[in-house]
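J.: One line per chain: the protein sequences are A and B, in this order. First residue of the first sequence? That's 3 in the numbering used here, and the numbers climb one at a time after it. First residue of the second sequence? That's 3 in the numbering used here, and the numbers climb one at a time after it.
Number of protein chains: 2
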Amino acid sequence: MNFCVKCGKKLVVRVPDGDDRNRYVCGACGTVHYSNPKMVVGAIPEYEDRILLCRRAIEPRWGLWTLPAGFMENEESVEEGAKRETLEEAGAELNGLSPFAMFSLPFVSQVYLMFRARLLTPHFAAGHESLDVKLVSEAEIPWDEIAFPVIEETLRLFLADRKKGAFGFHSGIINRRI
Amino acid sequence: MNFCVKCGKKLVVRVPDGDDRNRYVCGACGTVHYSNPKMVVGAIPEYEDRILLCRRAIEPRWGLWTLPAGFMENEESVEEGAKRETLEEAGAELNGLSPFAMFSLPFVSQVYLMFRARLLTPHFAAGHESLDVKLVSEAEIPWDEIAFPVIEETLRLFLADRKKGAFGFHSGIINRRI
Chain A
3 MNFCVKCGKK
13 LVVRVPDGDD
23 RNRYVCGACG
33 TVHYSNPKMV
43 VGAIPEYEDR
53 ILLCRRAIEP
63 RWGLWTLPAG
73 FMENEESVEE
83 GAKRETLEEA
93 GAELNGLSPF
103 AMFSLPFVSQ
113 VYLMFRARLL
123 TPHFAAGHES
133 LDVKLVSEAE
143 IPWDEIAFPV
153 IEETLRLFLA
163 DRKKGAFGFH
173 SGIINRRI
Chain B
3 MNFCVKCGKK
13 LVVRVPDGDD
23 RNRYVCGACG
33 TVHYSNPKMV
43 VGAIPEYEDR
53 ILLCRRAIEP
63 RWGLWTLPAG
73 FMENEESVEE
83 GAKRETLEEA
93 GAELNGLSPF
103 AMFSLPFVSQ
113 VYLMFRARLL
123 TPHFAAGHES
133 LDVKLVSEAE
143 IPWDEIAFPV
153 IEETLRLFLA
163 DRKKGAFGFH
173 SGIINRRI
């Protein structure tokens with residue numbers, strides 16, 4: 003960050019009055035430019051006992067498998083965001099969303115929020131961010147080709163809870179990118 | 003938003019390549035300025051059967067009562083954020099945090115995440131954003147002077163679950179500011 007979004011003048015790094023940490027502050031008009039963590043919302047879409055996975059058509063981790071998830075947008079709810087991302091990436095409509103897991107990724111200032119959800123029909127199609135989309139059984143999950151640790155951890159917790167027949171809500175921290 | 007934070011030139015509103023919604027894009031260097039929902043993290047601090055409330059020393063809703071909560075900062079986890087806000091606003095140390103409720107506030111593009119938590123000792127003190135901090139029993143909660151609907155809803159869900167003797171994880175949408 004170099005310039006003020008409001009007046010275009012130079013930013014300086016300093017602690018604003020009444021604050022306790024460095025921010026980017028405009029040297030001319032005083033506007034404080036806050037930066038906060040971003041939320042990633044996504045789902046574990048189930049059809050019968052199979053899970054919907056997407057193969058990434060974008061970097062990072064091109065060609066690897068993931069669950070539908072992406073950055074939450076302004077003016078939507080977390081559930082609407084998870085539904086939108088699943089429709090965009092996998093062409094699939096979710097139903098019966100239930101919060102399942104939340105992960106803080108402090109090294110990239112992100113928070114993942116993953117929902118359990120049902121597919122009403124086995125209809126899906128790769129969106130422009132996906133090379134392929136498929137329903138997989140537990141035995142078919144490509145563990146060596148999962149794109150991110152947060153997705154692997156979500157799948158492991160989900161399968162463990164499903165085996166127990168009791169789903170909890172999980173909160174955890176992920177400290178590595180790959 | 004008027005000017006590019008990177009190069010200081012004028013921003014235009016357009017749909018970037020590969021995107022599907024309007025963003026602020028620099029007409030000179032092409033930098034896309036994304037805006038996403040912010041997370042507010044907070045707690046329902048309990049000591050024995052009483053709850054810690056803070057009386058706001060800042061606008062909006064100066065003088066009204068709230069739970070300790072505030073904007074999550076970069077490079078922290080959701081739990082660390084809730085602990086930090088409680089220390090800043092109420093001078094109190096939390097223990098045993100457990101995710102309790104999540105609320106989407108699409109009209110202000112915020113997501114609240116509230117934890118149940120214990121105070122190890124009944125020590126607290128108003129921070130500079132609080133006029134007063136106190137432990138209240140259920141009967142003493144000043145329902146007519148609660149600052150925000152999201153805090154009122156959090157307290158009601160918490161008390162209902164406590165009465166049942168079983169705490170769930172709740173997700174909801176709040177559509178009004180006051």
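We treat Cβ as the ideally placed atom computed from N, Cα and C, and that holds for glycine. These numbers come from a predicted model, not from an experiment.
Fully enclosed by the region 134 to 159 of chain A, which alpha helix (DSSP H) runs are 4 residues long or longer?
T.: DSSP runs (the alpha helix (DSSP H)) wholly in the region 134 to 159 of chain A: none.
J.: Is the distance from the Cβ of tryptophan 67 of chain B to the Cβ of arginine 57 of chain B below 7 Å?
T.: Counting from 1 along the second sequence, the entry for residue 67 of chain B is found at position 65. Counting from 1 along the second sequence, the entry for residue 57 of chain B is found at position 55. Taking 7 Å as the Cβ cut-off, tryptophan 67 of chain B and arginine 57 of chain B qualify as a contacting pair.
J.: Below 7 Å on C-beta distance, what does phenylalanine 171 of chain A contact in chain B?
T.: For the purposes of this step, residue 171 of chain A is identified with residue 169 of the first sequence, where counting begins at 1. Near phenylalanine 171 of chain A (Cβ distances below 7 Å), the residues of chain B are Pro101, Phe171.
J.: By the three-class DSSP mapping on this structure, what secondary structure does glutamate 78 of chain A have?
T.: Walking along the first sequence from the start, residue 78 of chain A turns up at place 76. Residue state, collapsed to three classes: coil.
J.: List the whole-angstrom C-beta distance separating leucine 13 of chain B from asparagine 4 of chain B, where the pair is believed to meet the contact cut-off of C-beta under 8 Å.
T.: Residue mapping note: residue 13 of chain B aligns to position 11 of the second sequence, counting from 1. Residue mapping note: residue 4 of chain B aligns to position 2 of the second sequence, counting from 1. That belief holds up - the Cβ atoms of leucine 13 of chain B and asparagine 4 of chain B are roughly 6 Å apart, short of 8 Å.
J.: Would you mind telling me which residues of chain B sit closer than 8 Å to methionine 41 of chain A, beta carbon to beta carbon, in chain order?
T.: Walking along the first sequence from the start, residue 41 of chain A turns up at place 39. Those are Asn38, Pro39, Met41, Val113, listed as they occur along chain B.
J.: For the beta strand (DSSP E) that contains histidine 125 of chain B, what are its first and last residues?
T.: Along the second sequence, one-based indexing puts residue 125 of chain B at 123. It is not in any beta strand (DSSP E) - histidine 125 of chain B carries neither H nor E in the DSSP assignment.
J.: Looking at the C-beta of glutamate 77 of chain A, does it have a partner C-beta in chain B at a distance below 7 Å?
T.: Position 75 of the first sequence, counted from the first residue, corresponds to residue 77 of chain A. Interface residue, yes.
J.: Quick one: what's got a C-beta closer than 6 Å to serine 111 of chain B's C-beta in the same chain, skipping five residues either side?
T.: Translated into positions along the second sequence, residue 111 of chain B becomes position 109. Pro39.
J.: Taking the alpha-carbon positions, what's the methionine 116 of chain A to histidine 172 of chain A distance?
T.: Translated into the one-based positions of the first sequence, residue 116 of chain A becomes position 114. Translated into the one-based positions of the first sequence, residue 172 of chain A becomes position 170. One C-alpha to the other measures close to 10 Å.
J.: Please list the segments of the beta strand (DSSP E) lying wholly inside the region 40 to 81 of chain A, counting only runs of 3 or more residues, in order along the chain.
T.: Complete beta strand (DSSP E) runs here, min 3: 40 to 49, 52 to 58, 71 to 73.
J.: What residue range does the beta strand (DSSP E) around asparagine 4 of chain A cover?
T.: Position 2 of the first sequence, counted from the first residue, corresponds to residue 4 of chain A. Element bounds for asparagine 4 of chain A: n/a, residue is neither H nor E.
J.: I need the straight-line Cα distance from lysine 136 of chain A to phenylalanine 102 of chain B, nearest angstrom please.
T.: The residue labelled residue 136 of chain A in the question sits at position 134 within the first sequence. The residue labelled residue 102 of chain B in the question sits at position 100 within the second sequence. Near 33 Å, if we compare the C-alpha coordinates of phenylalanine 102 of chain B and lysine 136 of chain A.
J.: By the three-class DSSP mapping on this structure, what secondary structure does arginine 178 of chain A have?
T.: On the first sequence, position 176 is the one that residue 178 of chain A refers to. DSSP places arginine 178 of chain A in coil when its eight states are reduced to three.
J.: Measure the alpha-carbon distance for cysteine 28 of chain B versus proline 18 of chain B and round it to whole angstroms.
T.: Within the second sequence, residue 28 of chain B is the residue found at index 26, counting from 1. Within the second sequence, residue 18 of chain B is the residue found at index 16, counting from 1. Cα to Cα, the separation comes out at about 10 Å.
J.: For a contact meaning CB atoms closer than 7 Å, what does isoleucine 175 of chain A contact in chain B?
T.: Within the first sequence, numbered from 1, the residue matching residue 175 of chain A stands at position 173. Under the 7 Å cutoff, chain B gives Ser79.
J.: Have a look at the DSSP bridge pairing and note the partners of alanine 103 of chain A.
T.: The sequence position of residue 103 of chain A within the first sequence is 101, counting from 1. DSSP, once it has assigned bridges, lists A/Met116, A/His172 as partnering alanine 103 of chain A.
J.: Quick check: is the beta carbon of serine 106 of chain B nearer than 7 Å to any beta carbon in chain A?
T.: As a working note, residue 106 of chain B is residue 104 in the second sequence. For serine 106 of chain B, the answer is yes, since a Cβ of chain A falls inside 7 Å of its Cβ.
J.: One question on the structure: do proline 151 of chain B and glutamate 77 of chain A come within less than 7 Å of each other, judged by their Cβ atoms?
T.: Taking the first residue of the second sequence as position 1, residue 151 of chain B is located at position 149. Taking the first residue of the first sequence as position 1, residue 77 of chain A is located at position 75. Cβ atoms of proline 151 of chain B and glutamate 77 of chain A: not closer than 7 Å.
J.: From the DSSP output, read off the bridge partner residues of arginine 16 of chain A.
T.: Locating residue 16 of chain A in the first sequence gives position 14, counting from the first residue. Looking at the DSSP assignment, arginine 16 of chain A forms a beta bridge with A/Arg25.
J.: Going by CA-CA distance only, name the one from A/Glu82, A/Glu140, A/Ala59, A/Thr88 that's closest to aspartate 163 of chain A.
T.: Taking the first residue of the first sequence as 1, we reach residue 163 of chain A at position 161. If we check each option's Cα against that of aspartate 163 of chain A, A/Glu140 comes out closest.
J.: Closest to proline 47 of chain A by CA distance: which of A/Gly93, A/Ser106, A/Glu147, A/Met104 is it?
T.: Working through the first sequence from its first residue, we reach residue 47 of chain A at position 45. For the residues A/Gly93, A/Ser106, A/Glu147, A/Met104, the minimum Cα distance to proline 47 of chain A belongs to A/Gly93.
J.: Am I right that alanine 45 of chain B and alanine 128 of chain B are in contact with their C-beta atoms under 8 Å? What's the rounded C-beta distance?
T.: Residue mapping note: residue 45 of chain B aligns to position 43 of the second sequence, counting from 1. Residue mapping note: residue 128 of chain B aligns to position 126 of the second sequence, counting from 1. Not quite, the Cβ-Cβ distance comes to about 16 Å (not below 8 Å), so this is no contact.
J.: Give the C-beta separation of valine 42 of chain B and glycine 72 of chain B to the nearest angstrom, bearing in mind that I take them to be a contact with Cβ-Cβ under 8 Å.
T.: If you number the second sequence from 1, residue 42 of chain B lands on position 40. If you number the second sequence from 1, residue 72 of chain B lands on position 70. Yes, they are in contact, since the Cβ atoms of valine 42 of chain B and glycine 72 of chain B sit about 6 Å apart, within 8 Å.
J.: Measuring alpha carbon to alpha carbon, tell me which of B/Leu69, B/Tyr49, B/Pro70 ends up nearest threonine 123 of chain B.
T.: Position 121 of the second sequence, counted from the first residue, corresponds to residue 123 of chain B. Per the Cα distances, B/Tyr49.
J.: Residues in the region 4 to 24 of chain B with C-beta within 9 Å of chain A's C-beta atoms, listed in sequence order?
T.: Under the 9 Å Cβ criterion, the region 4 to 24 of chain B contributes Asn4, Phe5, Cys6, Val7, Lys8, Cys9, Gly10, Lys11, Lys12, Leu13, Gly20, Asp22, Arg23.
J.: Could you give the distance in angstroms between the alpha-carbon of alanine 59 of chain B and the alpha-carbon of glycine 20 of chain B?
T.: By 1-based counting over the second sequence, the position of residue 59 of chain B is 57. By 1-based counting over the second sequence, the position of residue 20 of chain B is 18. Looking at the two C-alpha atoms, the distance is approximately 45 Å.
J.: Keeping to the same chain, check which residues put their C-beta closer than 7 Å to that of tyrosine 26 of chain B; ignore five residues upstream and five downstream.
T.: The residue you call residue 26 of chain B lines up with position 24 of the second sequence. So the list reads Met3, Leu13, Val15, His35, once near-sequence residues are dropped.
J.: What do you reckon, are the CB atoms on valine 138 of chain B and leucine 55 of chain B nearer than 7 Å?
T.: Residue numbering aside, residue 138 of chain B sits at position 136 when the second sequence is read from its first letter. Residue numbering aside, residue 55 of chain B sits at position 53 when the second sequence is read from its first letter. Yes, Cβ-Cβ distance for valine 138 of chain B and leucine 55 of chain B is below 7 Å.
J.: Can you look up glycine 98 of chain A in the DSSP assignment and give me helix, strand or coil?
T.: To locate residue 98 of chain A, count along the first sequence from 1; it is residue 96. In this structure, glycine 98 of chain A counts as strand in the three-state DSSP scheme.
J.: As a quick exercise: from A/Lys85, A/Phe126, A/Glu90, A/Leu89, pick the residue whose alpha carbon is nearest that of leucine 99 of chain A.
T.: Taking the first sequence and counting its residues from 1, the one referred to as residue 99 of chain A is at position 97. Nearest of A/Lys85, A/Phe126, A/Glu90, A/Leu89 to leucine 99 of chain A, Cα basis: A/Lys85.
J.: Can you give the Cα-Cα distance for isoleucine 143 of chain B and leucine 157 of chain B, rounded to whole angstroms?
T.: Counting from 1 along the second sequence, the entry for residue 143 of chain B is found at position 141. Counting from 1 along the second sequence, the entry for residue 157 of chain B is found at position 155. Computed Cα separation, rounded: 9 Å.
J.: Would a C-beta distance cut-off of 7 Å place isoleucine 176 of chain B and phenylalanine 105 of chain B closer than the cut-off?
T.: Position 174 of the second sequence, counting from 1, holds the residue named residue 176 of chain B. Position 103 of the second sequence, counting from 1, holds the residue named residue 105 of chain B. Yes. Within cutoff.
J.: May I ask you to list the residues that DSSP assigns as paired with histidine 130 of chain A?
T.: Looking up residue 130 of chain A in the first sequence gives position 128. In the DSSP output, where bridge partners are listed per residue, histidine 130 of chain A has none listed.
J.: Please report how far the alpha carbon of arginine 63 of chain A lies from the alpha carbon of arginine 178 of chain A, in whole angstroms.
T.: What you label residue 63 of chain A is simply residue 61 of the first sequence in a count that begins at 1. What you label residue 178 of chain A is simply residue 176 of the first sequence in a count that begins at 1. Cα-Cα distance, rounded: 14 Å.
J.: Would you check if the distance between the CB atom of glutamate 87 of chain A and the CB atom of proline 70 of chain A is smaller than 7 Å?
T.: For the purposes of this step, residue 87 of chain A is taken as residue 85 along the first sequence, with counting starting at 1. For the purposes of this step, residue 70 of chain A is taken as residue 68 along the first sequence, with counting starting at 1. Contact flag set, yes.
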